[in-house]
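Before any comments, here is the structure.
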Amino acid sequence: GDSVTQMEGPVTLSEEAFLTINCTYTATGYPSLFWYVQYPGEGLQLLLKATKADDKGSNKGFEATYRKETTSFHLEKGSVQVSDSAVYFCALSKGAGSYQLTFGKGTKLSVIP
Amino acid sequence: DTGVSQNPRHKITKRGQNVTFRCDPISEHNRLYWYRQTLGQGPEFLTYFQNEAQLEKSRLLSDRFSAERPKGSFSTLEIQRTEQGDSAMYLCASSLAGGEGYGYTFGSGTRLTVV
C-alpha cells in the first residue's frame, strides 16, 4: 500500500537557521504530494503542494520539489523563525478523483530565539 | 465562510459511554472526511462522504463507530461503548469533489479522552 516516511523529530533549530525535513513516499502511479502544518492546539493547515514530477511547491518561505526519481518531497526553508515552531506532516494522495490522504508520522520543529 | 467547524473541542468520557461529535464543513464543499490522529502519529483515514452518501469506510472504523451526513451538510461521528484505545484527536475535513489534488481544509479537531 501507499506510505509516507518522514525524518523523525523533534528538530530544534536556532532562529535564522536552515531547515530541511526529509520525506519519501511509496505509491503506485502519480500521486500528489503535500506538506501540512499543525500549530499547537490547531487543526492541520495546507502549507504547500505539488501535483506532478519536478513541480516545486512554495509558501511562506517554505519550498519542496516533487522528485519522482528519488520518490522524495523534502521540505526546506532558508531562515526559520520562532513562529515556525509546529508539527509538519508530509502526505500524498492519488491525485484527481482520489479522496484519501496518506500521512507521515509528523516532524516536530522547535525554533529557539 | 468560517472554515470547517468541529464540536466539541474536547470530550472526556468514561469507558463504556457513547459519544457523538459534530462537523460543519465549508458550505460549498460536497466531500467530507473523518480522520483519527493518535499521539505521535499522522492522521489516519476513517471514512468519507460525497453529499449524503458514505462512499468508503476504513477497516479502522469498527462496528462501534458510525458516521452520518443526513442532508449532505453537517456530519456526526458516534462512538458507542467507548474504549480507552479510542482516545485520540478526531479530525474532520472537507473538499470539492475532484479537488483533493489541491488539498483538504481541516477543522481543529475534537480531542477525545476515555477514562
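Residue numbers (the numbering used here), protein chains in the order written: chain P, 1431 to 1543; chain X, 109 to 223.
Idealized CB from N, CA, C, for every residue including glycine.
As the structure is a computational prediction, the values presented were derived from the model and not from experiment.
(Q) Do P:Ser1433 and P:Thr1450 count as a contact pair if the criterion is CB distance below 8 Å? (A) no
Q: Please work out which residues of its chain come closer than 7 Å, Cβ to Cβ, to X:Lys179, disregarding the five sequence neighbours upstream and downstream, and give them in chain order.
A: Glu160
Q.
As a quick exercise: from P:Ser1540, P:Glu1506, P:Asn1489, pick the residue whose alpha carbon is nearest that of P:Cys1453.
A. P:Glu1506
Q | Interface positions of the region 138 to 150 of chain X facing chain P (Cβ-Cβ less than 9 Å), listed along the chain | A | Arg139, Tyr141, Tyr143, Gln145, Gly148, Gln149, Gly150
**Q.** CB contact below 8 Å: P:Gly1431 versus chain X
**A.** no
**Q.** Secondary structure, beta strand (DSSP E): runs of 3+ residues fully inside the region 134 to 191 of chain X
**A.** 139 to 145, 152 to 158, 161 to 165, 173 to 176, 183 to 187
(Q) Taking contact to mean 3 or more Cβ pairs, one atom from each stretch, closer than 8 Å, check whether the region 133 to 152 of chain X and the region 182 to 191 of chain X are in contact. (A) yes
Q: Measure the CB-CB distance between P:Gly1536 and P:Phe1519 and report whether it falls below 8 Å.
A: yes
Q: Using DSSP bridges, identify the partner residues of X:Ser195.
A: BP columns for X:Ser195 are empty, so no partner.
Q: Taking X:Phe129 as the query, report the chain P residues whose CB atoms sit under 7 Å from its CB, ordered along the chain.
A: Near X:Phe129 there are no residues of chain P at all, since even the closest Cβ is about 14 Å away, more than 7 Å.
Q. Excluding the five sequence neighbours on either side, which residues of its own chain have a C-beta within less than 6 Å of the C-beta of P:Glu1446, listed in chain order?
A. Ser1509
Q. Is it the case that the CB of P:Lys1524 approaches a heavy atom of the ligand FAD more closely than 7 Å?
A. In the structure on display, the ligand FAD does not appear, and there are no ligands present to speak of.
Q. So is X:Leu168 buried or exposed if we call it buried at 16+ other beta carbons inside 10 Å?
A. exposed
Q | Cβ-Cβ separation, X:Gly217 to X:Met197 (assumed contact under 8 Å), whole Å | A | 5 Å
**Q.** Range of the contiguous beta strand (DSSP E) that encloses P:Tyr1455
**A.** 1453 to 1456
Q) What residues in its chain sit with their C-beta under 7 Å from that of X:Gln158, if we drop five residues either side in the sequence? A) Asn138, Arg139, Ala205
Q: Report the residue from P:Leu1463, P:Thr1532, P:Val1541, P:Val1512 whose alpha carbon sits nearest the alpha carbon of P:Lys1486.
A: P:Leu1463
Q: Could you tell me how far apart the beta carbons of X:Val127 and X:Ala201 are, in whole angstroms, since I believe they sit closer than 8 Å?
A: So it is not a contact: roughly 20 Å between Cβ atoms.
Q. Taking the DSSP output, what are the residues bridged to P:Tyr1496?
A. Its beta-bridge partners do not exist; DSSP assigns none.
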